[in-house]
Each structure stands twice: as C-alpha cells, then as structure tokens.
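Step one of this worksheet: look at the structure below.
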Amino acid sequence: MSRVTWDAEVCTHAGKCVAGLPQVFKIEDGSFVINEQAASEEEIKRVAAQCPSGALRYQE
1 MSRVTWDAEV
11 CTHAGKCVAG
21 LPQVFKIEDG
31 SFVINEQAAS
41 EEEIKRVAAQ
51 CPSGALRYQE
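Below, the structure written as structure tokens:
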C-alpha cells in the first residue's frame, strides 16, 4: 500500500519533489511516478513536507 499520495488537481508543478528525490519522484512518459522503495521513509517524508501546494502527502 502506497504511503505517499499525489493530488494532480492540487499540484502546481513546482518541481521540489523531483529536485529533492529524483530517484523517487519522476516524470516518465508524461506520467508522474512515485517509487517509494528508492529512498528511506524519512527522506520521503522530508520532501513531501516541502511540497508548496500540498499535493504530496505522506500517510503514517
């Protein structure tokens, strides 16, 4: 079960997630992809918390 959620309607495409953890947050073939196995829980929480629009959320 995914612990990171992304709301496309809220996202402003600031790119902080892709810049902060490019191995986790990627754009592939025009789609936003989240690979939670590519980083630690703490790293993902940190980057999700920096999302300026609140489109990324980490669920405990």
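Anchor point for the sequence shown: position 6 equals 6 in UniProt numbering, and the numbering is continuous, going up by one each time. Glycine included, each C-beta is placed from N, C-alpha and C at the ideal position. Just so it is clear, the structure is predicted and the values come from calculations on it, not from any experiment.
Each residue's CA atom was taken as its position, placing H13 and V33 some 14 Å apart. Annotation: the UniProt domain "Divergent 4Fe-4S mono-cluster" (3–59) contains the following complete segments of the beta strand (DSSP E) (minimum length 3 residues), in chain order: 4–6, 25–28, 31–34, 56–58.
Taken atom to atom, the span from the alpha-carbon of L56 to that of T5 is near 6 Å. Looking at the backbone, the Cα of E60 and that of G15 are separated by about 23 Å.
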